[in-house]
Structures are given as C-alpha cells and as structure tokens.
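The structure appears right after this line, and notes come after that.
So, in structure tokens, the structure goes:
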C-alpha cells in the first residue's frame, strides 16, 4: 500500500472512531485519548491529521453531506426525497454519521465556534437541486427554493432528534415520510404528486439498488 | 411573605438561574455550584427543592409547555399557530425557557435518562387542540392529528436550532411563518387558509395583547 493511500486510510479510521465517540459522549465529554483508544492509532498519527479536538470535530461535521448521495432521477423532487430517506437510512448504521449529526445539533460543539456550518452546507447543497426542479416545471409558482430547503434542513434536524429520543431512530423513515406528506402538496405541481415515492422503505430500496449496481460494477471491472 | 410563598419564589429563582446556566454551558458542563452562584441562594435552599443536577434539569424541562399559553381562539388552528409564535417570541428573552429548550435537544441531558419527555409532553398537549380543530371541521379528512402534531413538534425543535445557529434566533419568527406556509395547505380546509394569521410578527402581537389585558385586569382588581 502506497504511503499516501495508507495516510488516507488512517485518517478515515480516526474519523470513524471520532464519530463513534462524539456520538456516544457528546463534544464536551469527548477526549483525544478516547478517540486514540477507539481508533487504535498512535498519538503521532492522530496529530499528523488533526491538530486538536476542535479540528477533529470540524472534520467529522464536514463528512455529513456526502452521506446523502443518491442516483440521479429524472424528477428532481424525487431525488431530493431520496436524499432524505437515504441519509436517514445510513444514519441508522453509520457511527461517523451519527457522531456528525450529534455534533451538528450540539450547542456546545465546538465551543466558541460557528455552529452554522452543517446547516449552511445542507441548504447550499439542496437548493441547487430544488432550483433544477423549478426549472423543470416541477414546483408551484409560489415556491421560494431557498426558503423551502432551509425549512427542510431545519425540520429534518429536529425530526431525527425526536425520533432518536422516542425510538432510538426506529421510526425515522416513517417520520421522514410524514414530513414529505405535509410538504410536497405545498411545493409540487399537483400532477407530479402521485408519482413521487415517499414510502418509509424508500431509503432501504434506493440503497439496495446502489449496492447491486456497485456489485455489478465490481464484476465488470474484474472481467475487464 | 408567608413561608410557602417564599419557598415558591426561591424555587423559581433557582429554576431561572439553572435555566440560564444550562443554556450557556449545556448539561454536562453545568455544576450545582454554578447554579448556586447565579441564583444567590444557599446550598441548603437548593437541596431543599432539588436533590441533584438531574432533578434540577428535569424541573427545567418540565417548565417548557406552559410557555406556549395563548388566549383561546374560535379557530383552533389559529390557536395552534399562535402557540408556536408565542413560544418562539418568549424563547428570545427568557433564560429559563432557553435552558429548557437546550436541555431538550441535548443528547447528554440528563445522562442515562429518558430524553423523550418534552417531545411527548408537547405532542400530548397539542394533539388535544388539533383534535378540537378536526371536530370543528377545520381539517382536511386526510389529516391524522397525532402524526401532524408530532411532525410539528419535531420540525419546530430543529427550526429553532437552525435559527439559533445561523442568526442567534433573530429569524426564528420568519422560519415559523415558513413552516406554517408549507404545512397549513396540507391540513386546513381551503376556505380557512386566508383567515389564518401566520405573519412573522404574530407572536409579538399576541403577547402585546396579553400584556394589555393583564394591565387592565390589574386596574379592575385595584378599583374593585
């Protein structure tokens, strides 16, 4: 393994360990030692990549948006819906993502810093998609894309918190479905509504299709 | 001042100090000493009312729902809308409420305990109102009141977090207005929509009317 590749792997191992520790203990109670123990790397390796607990938290926060990656859809509203379900589905199993989400809603993390990062990143990321939906004629003329995406980002943050508090996220997909059931009629042109899939198992189905496509790609690569 | 009255006041002073400290430092970093210093009461007085930091946090959490008290309205959806705006307005200035809301979304507060308290209390409180709205014919037949109130509670929790992170809550009333703009068309019978006031300054106006009514009541009491 080349040195650079090894460094990338080590960085990832540290990030995943940090995510798990931040998720379990929160920002304030987490120490670098706890991350070192979980990651099973040396202090030198950790400080090579991250200069402090703050920079580690920032890196964990920056990992959030890529977890919502989904296959493109002809209907951009469907793609937006898919991103929320896939993100919710991944949130059930991925410790790095859990830690990142906990940090995003933790008012104490990192201390004295700007808490707006993930909220802004999400809004900036999603507004592009909603503007494409508008350009394709999917939206009612009353919709202001920036307002709608900021509502979705804020609402999602709270819904996942509530789901975590009430059922340890077991009902998160149902709550996401209810969110879309209430918001879609206010933003989508009526003819589009019946065709948008917002069933609670949407995230699991999209991820299964992605995994299958990934396996096929590996097979193609191997036979090439 | 009677002994009981003094005890009630002392308890309130402690709760308000605790709310302020929890708001500023979060659950984990808050200590009983910090609350004592802020409240300017003796250790004995505090422990007379609260046996631990956990019980103090629980009491602060339990103060939340009463802050949404508003005058009754003929249209129960308007009353529900008013509760969110008034709660948002009070959240700008009241440290006890700020602390209570921070604890509610703080995954570490109190450790090992059930975090679902405020979410459940809100849903149980609001569902009664939404069921009255349904009984009065205000809702579309597709609405499931429990689902809608749980969506509103979760969404509100996240929206206030996002508003706090982006603008220290300066745009909270606007975000509440956007929430209702997206949700009302999916739940209210169309004829009702134009009559529901969801302007961002709704909370300030309802509170001003309440204060005026309170001042009049004092005048009536004094002349009686």
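Protein chains in written order, with this note's numbering: chain A, 192 to 415; chain B, 192 to 415. We put the beta carbon where it would ideally sit given N, CA and C, even for glycine.
Could you work out which residues of chain A lie near residue i, taking near to mean beta carbons separated by less than 7 Å?
i	result
residue 338 of chain B	369
Output, in chain order, the set of chain B residues within a Cβ distance shorter than 8 Å of residue i.
i	result
residue 366 of chain A	341, 342 and 345
residue 316 of chain A	Correct list: empty, because the minimum Cβ distance to chain B is about 15 Å.
Using DSSP's beta-bridge definition, name the partner residues of residue i.
i	result
residue 294 of chain B	Beta-bridge pairing links residue 294 of chain B to no other residue.
residue 330 of chain B	B:379
What in chain A is Cβ-close to residue i, meaning under 9 Å?
i	result
residue 387 of chain B	Those do not exist, as residue 387 of chain B stays about 14 Å from chain A at its closest Cβ, beyond 9 Å.
Here's a check: name, in chain order, each residue in its chain whose Cβ is nearer than 7 Å to the Cβ of residue i, leaving out the five neighbours to either side.
i	result
residue 291 of chain A	210, 251, 252, 254 and 255
residue 294 of chain A	213, 218, 248, 251, 252 and 300
residue 336 of chain A	318, 321, 322 and 325
residue 342 of chain B	none
residue 259 of chain B	274, 277 and 278
residue 232 of chain A	201, 204 and 205
residue 418 of chain A	Since the first residue of chain A shown is 192 and the last is 415, residue 418 of chain A is not available in this structure.
residue 281 of chain A	258 and 288
residue 234 of chain B	227
residue 327 of chain B	267
residue 198 of chain A	none
residue 384 of chain B	375 and 376
residue 394 of chain B	276, 277, 279, 280 and 364
Tell me, to the nearest whole angstrom, how far the beta carbon of residue i is from that of residue j; I am working on the premise that it is less than 8 Å.
i	j	result
residue 217 of chain B	residue 297 of chain B	6 Å
residue 230 of chain A	residue 261 of chain A	With a Cβ gap of about 29 Å, residue 230 of chain A and residue 261 of chain A do not count as contacting.
residue 277 of chain A	residue 397 of chain A	5 Å
residue 283 of chain B	residue 360 of chain B	6 Å
residue 387 of chain B	residue 375 of chain B	6 Å
residue 356 of chain A	residue 307 of chain B	5 Å
residue 346 of chain B	residue 346 of chain A	4 Å
Excluding five sequence neighbours on each side, which residues of the same chain lie with their C-beta closer than 8 Å to the C-beta of residue i?
i	result
residue 350 of chain B	363, 366, 367 and 370
residue 372 of chain A	389
residue 352 of chain A	296
residue 354 of chain B	360, 361, 362, 363 and 366
residue 415 of chain A	In this prediction, residue 415 of chain A scores a pLDDT of 47, lower than 50, which makes its location untrustworthy; the coordinate-derived value is nonetheless stated afterwards. Nothing meets the Cβ criterion.
residue 378 of chain A	268, 330, 331, 334 and 339
residue 263 of chain B	270
residue 316 of chain B	256 and 259
residue 222 of chain B	244
residue 380 of chain A	328, 329, 330 and 331
Under 7 Å Cβ-Cβ, which residues of chain B neighbour residue i?
i	result
residue 404 of chain A	Neighbours of residue 404 of chain A on chain B: none; closest Cβ ~32 Å, over 7 Å.
Which chain B residues sit within Cβ distance under 9 Å of residue i?
i	result
residue 147 of chain A	Residue 147 of chain A is absent from the model: chain A starts at 192 and stops at 415.
What residues in its chain sit with their C-beta under 6 Å from that of residue i, if we drop five residues either side in the sequence?
i	result
residue 226 of chain A	208, 209 and 212
residue 314 of chain A	340, 341 and 344
residue 332 of chain B	none
residue 399 of chain A	none
residue 312 of chain B	256
query = At a Cβ cut of 8 Å, what residues of the segment 198 to 221 of chain B count as close to chain A, listed as they run along the chain?
reply = Those would be 216, 217, 219 and 220, in chain order.
Near-chain B residues of the segment 373 to 402 of chain A - C-beta to any C-beta below 9 Å = Going along the segment 373 to 402 of chain A in chain order, one finds 373, 374, 375, 376, 377 and 378 with a Cβ nearer than 9 Å to chain B.
Near-chain A residues of the segment 221 to 232 of chain B - C-beta to any C-beta below 7 Å = Answer set for the segment 221 to 232 of chain B: empty.
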